[in-house]
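Chains X and B, in that order, are what the protein sequence lines are.
Each residue of the first sequence is one higher than the last, beginning at 1 in the working numbering.
Each residue of the second sequence is one higher than the last, beginning at 1001 in the working numbering.
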Amino acid sequence: MRKLGILLVLGSLGLMVACGGGSSSSGGAGNTSTIASVTAACSPSTVLSGQTSQCSATVSGTGNFSSAVTWSTNAGQISSSGLLTAPIVSGNESITVTATSTQDSSMSGTATDTVTPIALANNVAPLIVDAGPNGLSPPDVDVPFVTITICVPGTQTCQTIDHVEVDTGSSGLRVVSSVLTIPLPQQNLDECLVFADGYVWGPVATATITVAGETTVSSVPVQIMIPASTSPPVPTSCSSQSPPGGNGNEGVSVDAFGANALIGVGLFQQDCGPDCITSPAPDFYYDCSSVCTPTTVALAQQVANPVSVFAADNNGVLIQFPSVPDGGSLTASGFLIFGIGTESNNTLGSSVVYPVPDTGNNAGNFTTIFNSTSYPGSFIDSGSNGLFFLTAQTTGIATCPAPAGNQWYCPTTSPDNLTAVNQGSNGQSGPTTHFSIENANNLFNTNNTAFSTLGGPNRGSFDWGLSFFFGRNIFTAIENMSAPGGTTPYFAYNLP
Amino acid sequence: MNIFRFVGVDSGAGARLLLASLLLALPAPALAVLGDNAASVLTDQARMKGTLRSVDNRTYVMHEITAPTGTVVREFVSPAGAVFGVAWEGQFPPDMQQLLGPYYQQAQQARQETSSAQQQRQRRAPIAIETPGLVMYQTGHMRNFHGQAYIPQLVPQGVQSSDIR
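Now the structure itself:
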């Protein structure tokens, strides 16, 4: 690829000579040089989603000018040598690739490529990492989105919702109430769902859910997340579980939630599970027919992982993203693939399985070994937007000065290349996992929304968030379902 | 996570009884625990309808309350009688406002100061708060929460912050 660029540049020099010069060099000194023009072209100029196109630049100038250019694109990804990887599109889209002279950044040339959709298999939904729902400010970072369709059960009354966050760290569909345009039937049941950094509150309703070619076999309990001003009000026993310094009641609006909805495709079949069946009821599901009171709920009425209710491909998910270069990319396109080992496109292949406990105080966790110390409360979570691990004290990685602040890492050597080993609950260790952390202030000082090197502190454990997903196949196998690779639930991933 | 690793001098039933009577002798506490006196441990136990187990580790006493839902809260009391740290784990998080008392607001403010208007991107991740007056972490995901909070000034000499878990 490098050779191609040089040949083209030589060609342009020949042209310059043949034309007898072109624009005169300013200053007149022998070593001055100017860039006269930059043009770009990509071949082929029409590509399928996810396929590559080689772009080249022709730089013309005078004197001993530099032919080097930097590449950028408004969609998909482009390497430093001009290899464009097209984004995943659902209809024909034009994307613009720009080559900018490194010698004179005011000189650039563009090429337009047309990206055409590919027919995706029944069990494949496109994923996009971007700034989030329209107009979201500040933009989302490292949040994977999918488009889903929900229907009033037993009817053709349906709604398509975009920018639904895909979360392997939870189970169940939750929709911001202001997004809903169809009357989902509600049960006489409300729910307080606490995340690691906040909570959501609102009634349980039922819907049929379709993602890609997969539809739930029956109606599924889902949660509608309501504003604090809406009845029933949030019980104190709910809001008091919210950690201080978190996002508080984050389901009140699309702005607060950073997404229109969240689809939990995690390890568990229901959000609460057996602990909500028996008395005393935890502060989780509430009966609000008078004053909201915690209530027990049978498994079938609990908000369910939609994947486990699909007719087929229902034992887990595979999330597939191409790698993202250091520094990040404007957006990233990938796939949410349903089922594990159920189709030719979701085989475990070389991925190593890390079983996790289904219950107990390390439910859903494996052990990460870092600098010879074991951290048993570690996990993979597409709903965390970075790599969150340990503290500045234990890692030696500095947290950031303002504006990112001490919620993020800003290593002095950036990228800081690190390794760890993950170990499943079966005691078996996988191969060494490599990861890198870059200065978050530098990363955030761009318009990029997809970062493979974003990190922050998380005392005592590793939270392998979305940054970890780039360049890997990551499987999440659902409890009590049969899947290749051993007993579920488990996580599995391959080397990049 | 195994609590038996804390055992320096195992406080048997007798020791626990002694401790309980000591706690009862103290004036009725506010609901807050972190930074409060040792008596507030019993308040928490009552509030959580939990069972209490206490372990004397010489440099501190650890009181472990297990709620009926399985959530475990551990409260660390210094020889001076102050609750200098708390830790929790379980499927459900504890009542954070009750557990952290006035420090709940302090933690909230600490986050608001760091996430000022100029912060460009929102962290969607476990909680990490490190201020001179309070350190708090919570990690986890659905069905699993772990967390710790402590007041650096109240941590007795010889106790590592990593002991608070």
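We treat Cβ as the ideally placed atom computed from N, Cα and C, and that holds for glycine.
- Ranked by how close their Cα comes to the Cα of PHE1145/B, the residues CYS288/X, THR102/X, ALA332/X and PHE195/X have PHE195/X in first place.
- Taking one beta carbon from each stretch, the stretch 110–130 of chain X and the stretch 80–98 of chain X have 3 or more pairs nearer than 8 Å; the two touch.
- In this structure, GLN159/X is the residue among VAL164/X, ASP197/X, GLN159/X and GLU191/X with its C-alpha nearest to the C-alpha of PRO183/X.
- The C-alpha of SER1161/B is placed about 22 Å away from the C-alpha of GLN1105/B.
- Every unbroken stretch of the beta strand (DSSP E) spanning 3 or more residues and falling wholly within the stretch 261–331 of chain X is given here in chain order: 261–265, 285–287 and 316–320.
- Secondary structure at PRO44/X: coil, using DSSP grouped into helix, strand and coil.
- The beta carbon of VAL141/X sits closer than 9 Å to some beta carbon of chain B.
- GLY1147/B sits in a strand when the DSSP states are folded into three classes.
- Under the three-state reduction of DSSP, ASN442/X is assigned to helix.
- As a beta-bridge residue in DSSP terms, SER333/X pairs with ILE128/X.
- With contact defined as three or more Cβ pairs closer than 8 Å, the stretch 479–496 of chain X and the stretch 347–354 of chain X are in contact.
- Residue contact with chain B for PHE370/X: absent (no Cβ-Cβ distance below 9 Å to any residue of chain B).
- Among the residues facing chain B, ARG459/X is included, as its CB has a counterpart in that chain under 9 Å away.
- According to DSSP, residue pairing for ASP142/X in a beta bridge does not occur.
- At least one beta carbon of chain X lies nearer than 9 Å to the beta carbon of VAL1072/B.
- If you draw a straight line from the Cα of GLY82/X to the Cα of ALA68/X, it comes to about 11 Å.
- Of all residues in the stretch 1059–1093 of chain B, only PRO1068, THR1069, GLY1070, VAL1072, GLU1089, GLY1090, GLN1091, PHE1092 and PRO1093 place a beta-carbon less than 8 Å from a beta-carbon of chain X.
- In this structure, ALA261/X sits away from VAL152/X, with a CB-CB distance that is not shorter than 9 Å.
- Look at ALA304/X: its C-beta is not under 9 Å from any C-beta on chain B.
- Residues of chain X whose Cβ lies closer than 8 Å to the Cβ of ARG1123/B are, in chain order, ASP197, ASN385, GLY386, GLN407, TRP408 and GLY456.
- Within 9 Å of the CB of ASP463/X, the CB atoms of chain B belong to ALA1125, PRO1126, THR1139, GLY1140 and HIS1141, in sequence order along the chain.
- Shown here for GLN428/X: not one same chain residue has a beta carbon closer than 7 Å to its own, the five before and five after excluded.
- For SER452/X, no chain B residue has a Cβ inside 8 Å of its Cβ, as the nearest lies near 15 Å away.
- Nearest C-alpha to SER329/X among ASN123/X, VAL47/X and ALA131/X: ALA131/X.
- Secondary structure of TYR1060/B (DSSP, three-state): coil.
- In this model, SER219/X and ALA1039/B are separated by some 50 Å (Cα to Cα).
- For LEU1134/B, the closest of ILE1151/B, THR1071/B and ARG1121/B by C-alpha to C-alpha distance is ILE1151/B.
- ALA1125/B is a Cβ neighbour of GLY456/X, given a cutoff of 9 Å.
- Within the same chain, ALA398 come within 7 Å of THR412/X by CB-CB distance, once the 5 residues on both sides are set aside.
- Here the alpha carbon of LEU466/X sits roughly 10 Å from the alpha carbon of PHE388/X.
- Any Cβ of chain X closer than 9 Å to the Cβ of GLN1097/B would place that residue at the interface, and such an atom is present.
- When Cβ-Cβ separations below 9 Å define contact, SER1040/B makes no contact with chain X.
- When the beta-carbon positions are compared, THR32/X and GLY63/X come within less than 9 Å of each other.
- When secondary structure is reduced to three states using DSSP, PHE65/X falls in the coil class, being assigned neither helix nor strand.
- SER240/X reaches chain B at ASP1095, MET1096, GLN1097 and GLN1098, counting residues in chain order whose Cβ is nearer than 7 Å.
- Inter-residue distance for PHE370/X and ALA420/X is about 5 Å (C-alpha atoms, whole angstroms).
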